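Sequential numbering from 225 applies to the sequence shown in our numbering. C-beta atoms are modelled at their ideal positions from N, C-alpha and C, and glycine is treated no differently. Since we're looking at a predicted model, the values are computed, not measured.
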Amino acid sequence: MKVCLSYAHDQEGRKGAKALASALTACGFDVVWDDRLPEANPTSLPEWIATEFSTHPVLCLLTPDYVRRFGNGDNTSARKGVLFESRLLLQRIYDHTSRTECPVIPIAISALPVDLAPVVLKNLIVSRFDPETGEGLAAIEGRLHSLPSLSTRPKESSKVSKGVVLARKLEAIAPSSSDALTLVTEWLNTVPSLPHEDVARALPAVEIIVKATGDVSAMERVADCCLQAMSDSGPLIGEVGDRAWLLLHCRAWQLHRRHELVEAVSVVAEGIRLAEEAEKERLELIAYGKRLQAKLHCELAEITDSETRKHHLRRAVDCGQAASDLYEVIDAGSSECGAARVTLAQVWYTDYRLSRRRLALNRANKLADQAVGYLAKDRSCEYHDLLILRARISITRGNFPRAKEMVNKALVSMATHAEDGASFAELLGLAHLARAELSSQEGGDDSSVSTRKDIGLALEYFEKSALLYASATCRWRLAKLAPATAGVERADIRICERLFADSRIRMRGLEERSRQIREYVGGRWTRRAEWKEIERKLRSQT
């Protein structure tokens with residue numbers, strides 16, 4: 225059987241292509257790649273490549289360089305071969321109408337998280353191959369042998385609409401590339417004139433691109449524009465489900481990112497209701513919505529009074545368990561099951577931190593351990609989220625060596641992707657906060673310095689991602705470590721912490737208290753009385 229290799233001519237790509245070509249040749253495959261140019265002296269090398277790629281299975285070796293230039297390329301002249309080949313492959317994928325046996329097989333040969341791959345490749349099954357050990361070859365060989373025999377070139381595709389063309393571009397572009405958000409803006413300008421099905425097709429790619437950039441305003445425009453377009457089009461089959469998808473995947477993310485949690489809870493509830501009423505009940509959407517509800521109620525528990533906190537924690541547990549049960553029904557053992565367990569473990573860990581109930585910590589630890597068996601590194605965000613959670617649980621249980629191993633593993637793994645999207649920046653911030661917590665708990669001569677350094681690094685990442693609540697939380701922790709830097713005394717920190725649960729309000733309280741101290745001239749005063757005045761002022765503003 226002939227197979228073709230498509231790869232980028234960077235160091236990783238060359239090394240991987242050479243190793244994979246040698247391994248496949250040893251297995252009896254005839255490997256077509258540009259290290260073995262044809263001896264027949266074709267009239268046109270591009271035509272030869274087009275012919276080979278259209279008649280034989282193609283293995284795409286995914287490296288960061290390959291992903292950046294797949295489908296849309298960039299503004300440089302480098303790696304034009306990747307751009308040419310990827311456009312051939314996109315057409316091959318779009319021409320393949322069967323649900324199975326796709327002749328394009330993506331293979332990751334580096335630590336590339338699949339989250340960063342273009343949607344059109346991420347939606348395919350991505351195999352792994354280690355050039356050093358050959359691990360993964362057996363699975364690739366099995367996939368190739370399962371393909372039907374291919375000998376004829378597909379017919380030329382008929383002319384497609386502008387909406388389909390734009391959807392294909394969105395599916396093919398690397399989500400974190402510099403041109404991706406520009407392409408989303410171009411698509412948004414056409415949405416009012418596009419058929420409903422064209423809008424719905426492009427939405428998953430649009431969602432991934434906007435979330436990779438962390439641009440809340442862009443997501444707000446996407447939600448507003450698409451919901452309006454669907455309202456203007458009148459009742460259509462599938463519209464209810466698509467409106468539910470928009471509310472859960474776009475509007476809720478926008479509100480959550482701004483930490484408008486009450487509004488987000490309301491939107492998610494509406495999204496779940498629509499998903500349940502859709503022509504064909506959308507179980508995956510409902511499960512996704514339940515998982516979102518668990519996260520939101522968990523975060524609300526952190527910033528509310530004790531009685532309301534209990535309500536939110538109960539709701540978080542119920543919704544997290546419902547999501548986990550639904551994912552088990554949909555696809556038992558899937559990565560989504562693992563992601564739901566991570567969310568539920570986070571809920572129980574929050575319960576422990578707020579209530580100090582040992583049972584809650586044990587449940588969090590058990591669920592986190594269970595999730596390990598579900599999540600691979602391909603699910604990069606959930607995988608690293610789990611690593612950080614397990615590190616924090618280990619800190620709480622006093623197992624500092626294990627916590628250090630996990631948090632350092634997370635930091636090293638994500639360091640190469642610091643510029644690859646807002647989700648990585650946020651996770652890096654959380655990992656630094658976990659290491660700060662570890663330094664604080666371990667103690668030692670340089671504990672305070674290390675703690676402040678990691679909190680400062682987390683603050684930089686959160687500010688870069690425009691996460692205002694997380695940034696305020698870092699500033700509050702720094703103020704607790706050194707009250708004088710906030711212009712207050714340690715007693716003020718204790719009173720402020722007792723009065724307010726929300727870090728943003730706490731920081732406004734410290735700013736007001738610092739101003740009072742600076743402006744104080746003489747006469748009798750009491751700290752408690754002045755804090756009561758600050759409390760009245762801040763609560764009247766919220």
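Measure the CB-CB distance between residue i and residue j and report whether it falls below 8 Å.
| i | j | result |
| --- | --- | --- |
| L610 | A592 | yes |
| A563 | G544 | no |
| R732 | L702 | no |
| R506 | V491 | no |
| A341 | V306 | no |
| C450 | L470 | yes |
| L368 | M225 | yes |
| P337 | S559 | no |
| A595 | R565 | yes |
| E759 | Q740 | no |
| V344 | L371 | no |
| A569 | Y576 | no |
| V255 | L286 | no |
| C284 | E365 | no |
| S689 | D678 | no |
| L394 | A426 | yes |
| A546 | L509 | no |
| F353 | L248 | no |
| R699 | L683 | yes |
| Y551 | A511 | yes |
| S278 | R311 | no |
With DSSP as the reference, label residue i as helix, strand or coil.
| i | result |
| --- | --- |
| I329 | strand |
| L286 | strand |
| D844 | The chain is shown only over 225 to 766; residue 844 falls outside these bounds and no answer can be derived. |
| D254 | strand |
| P707 | helix |
| V596 | helix |
| L313 | helix |
| L418 | coil |
| S402 | coil |
| L371 | coil |
| S530 | helix |
| R614 | helix |
| S351 | strand |
| S548 | helix |
| S246 | helix |
| R377 | Here the model assigns R377 a pLDDT of 45, short of 50, so the residue's position is not dependable and the matter cannot be decided. |
| S230 | strand |
| N296 | coil |
| F724 | coil |
| D339 | helix |
| P270 | helix |
| A424 | helix |
| H608 | helix |
| R581 | coil |
| G240 | helix |
Taking all protein chains shown into account, do 16 or more other C-beta atoms lie within 10 angstroms of the C-beta of residue i, making it buried, or fewer, making it exposed?
| i | result |
| --- | --- |
| D670 | exposed |
| N296 | buried |
| P355 | buried |
| R587 | buried |
| Y607 | buried |
| L681 | buried |
| Y231 | buried |
| Y744 | exposed |
| Q765 | exposed |
| P767 | There is simply no residue 767 to check, as the chain begins at 225 and stops at 766 in what is shown. |
| A715 | exposed |
| Q452 | exposed |
| H480 | buried |
| T376 | Since pLDDT at T376 reaches only 45, below the 50 mark, its modelled position is unreliable, and the value read off the structure follows with that caveat. With fewer than 16 Cβ atoms within 10 Å of its Cβ, T376 is classed as exposed. |
| T709 | exposed |
| H535 | exposed |
| A639 | exposed |
| P416 | exposed |
| S402 | exposed |
| R718 | exposed |
| N413 | exposed |
Any contact between the region 685 to 703 and the region 726 to 742? By contact I mean 3 or more CB pairs, one from each, below 8 Å.
yes
In chain order, which continuous runs of the alpha helix (DSSP H) of length 4 or greater are located wholly inside the region 448 to 485?
463 to 470 and 476 to 481
Do the region 519 to 526 and the region 493 to 508 make contact, defined as three or more Cβ pairs closer than 8 Å?
no
Within the chosen definition, does the region 357 to 374 reach the region 390 to 399 through at least 3 CB pairs nearer than 8 Å?
no
As an exercise, report each continuous beta strand (DSSP E) stretch of at least 3 residues that is fully enclosed by the region 632 to 715, in chain order.
none
Touch test, the region 644 to 664 against the region 621 to 631, Cβ-Cβ under 8 Å, three pairs minimum:
yes
For the region 326 to 335 against the region 431 to 448, do three or more pairs of beta-carbon atoms, one drawn from each stretch, fall closer than 8 Å, so that the two count as touching?
no
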